[in-house]
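Just so it is clear: in the sequence shown, position 31 is 132 by the working numbering, and no numbers are missing.
To start, the structure itself, in structure tokens.
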Amino acid sequence: MNEVTKHEMIYEGKAKRLYTTDDPNVVLIEYKDSFTAFNGEKRAEMSGKGRLNNLISSKIFEYLAGNGIPLHFIRRVDDLRQLASKVSIFPIEVVLRNITTGSIVKRLGVTEGARLPRPLIEFYYKDDALGDPIITEDHALIFGWAAEDDLSIIKKITLDVNSLLEKLFTPLGTVLVDFKLEFGRDSGGRLLLADEISPDTCRFWDSSTGDRLDKDRFRRDLGGVMDAYEEIWKRLSGRSD
Ligand code: TMP
Ligand code: ASP
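Below, the structure is given as structure tokens:
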């Protein structure tokens with residue numbers, strides 16, 4: 102079942118490559134060992150990173166699929182690859198924050214590490230040349246990046262994903278601080294959660310020590326980057342070694 106014919110590479114991003122398959126509606130996603138931060142200004146290669154993000158992301162997608170979230174993810178193929186429905190991605194990044202840290206602290210000067218009274222959803226315009234600027238829903242509507250109905254479905258799925266991920270990670274001694282989602286539409290017009298959910302796209306803090314178990318270790322030069330990703334995988338997969 103793991104035999105998948107890889108055809109043309111159709112896209113290479115900072116962390117993944119996409120290939121066509123025999124089915125025009127299905128793509129093969131290959132996770133890379135590269136780290137980038139600050140809009141690609143900071144880069145590194147770390148062996149094993151692609152595998153861990155593929156394993157973590159697949160596990161989370163399997164859990165979300167089982168809980169009714171509409172996903173582009175079909176199945177994990179092997180250590181580095183997943184099959185997914187081909188989607189056209191909305192040019193919008195959706196960030197949900199439970200706790201203040203990162204860009205919101207820099208932008209607004211609010212206290213670091215404060216739990217918000219309710220989850221905060223932000224939208225960013227996906228444009229590397231502009232550094233993914235923050236936008237309002239009205240920008241998305243007026244410039245045609247998403248329709249009103251799309252945005253309400255996107256917000257509902259984002260809140261549902263937050264509740265489900267908190268339910269998954271809290272018993273694993275892990276605080277879900279914030280995360281970023283991307284959405285797409287398949288050839289049948291279905292709006293699907295896409296991209297990946299991994300320590301690249303979420304902030305995870307250890308519940309007892311507050312240790313960062315995500316890409317902030319790379320962004321902030323904290324060291325132990327791969328150990329943190331390995332630790333998240335260990336918690337998710339229930340391995341005790
Ligand atoms: P931020 O505090 O830097 O805005 O990040 C918020 C969340 O979004 C955090 O979990 C990291 C994630 N994120 C991405 O996945 N990709 C990005 O390009 C950025 C800037 C953040
Ligand atoms: N994903 C962005 C980059 O690769 C920024 C980040 O995650 O901090 O540059």
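A virtual CB, placed ideally from N, CA and C, is assigned to each residue, including glycine.
Just so you know, these numbers come straight off a predicted model, no measurement behind them.
- Taking the Cβ of residue 137 as the reference point, at least one heavy atom of the ligand ASP falls within a distance shorter than 7 Å.
- If you draw a straight line from the Cα of residue 275 to the Cα of residue 322, it is about 21 Å long.
- Short note on residue 143: C-beta not closer than 7 Å to any heavy atom of the ligand TMP.
- Per the coordinates, the alpha-carbon of residue 335 lies some 26 Å from the alpha-carbon of residue 260.
- When distances are taken from the beta-carbon of residue 196 to the heavy atoms of the ligand TMP, the shortest one is below 7 Å.
- The alpha-carbon separation between residue 148 and residue 251 amounts to approximately 38 Å.
- Residue 197 is not a Cβ neighbour of residue 305, given a cutoff of 8 Å.
- Secondary structure note for residue 130: its beta strand (DSSP E) is the uninterrupted segment 127-132.
- Excluding sequence positions up to five before and after residue 249, its CB lies within less than 7 Å of the CB of 242, all in the same chain and listed in chain order.
- Counting the other Cβ atoms within 10 Å of the Cβ of residue 244 gives fewer than 16, which makes it exposed.
- Taking 7 Å as the cut-off, one finds at least one heavy atom of the ligand TMP near enough to the beta carbon of residue 203.
- Relative to the non-hydrogen atoms of the ligand ASP, the Cβ of residue 216 never comes closer than 7 Å to any of them.
- Ranked by Cα distance from residue 135, the first of 125, 118, 129 and 313 is 118.
- For residue 290, the secondary structure class from DSSP, reduced to helix, strand or coil, is coil.
- Assignment of beta-bridge partners to residue 306 by DSSP yields 276 and 313.
- Taking all protein chains shown into account, residue 219 has fewer than 16 neighbouring C-beta atoms within 10 Å of its C-beta and is therefore exposed.
- Rounded to the nearest whole angstrom, the C-alpha separation of residue 230 and residue 333 is 32 Å.
- If you check the CB distance, residue 181 and residue 131 come in under 8 Å.
- Counting only the Cα atoms, residue 111 lies some 31 Å from residue 263.
- Here the alpha carbons of residue 163 and residue 137 stand approximately 26 Å from one another.
- If the five residues before and after residue 273 are omitted, its C-beta is found closer than 6 Å to the C-beta atoms of 336, all from its own chain and listed in chain order.
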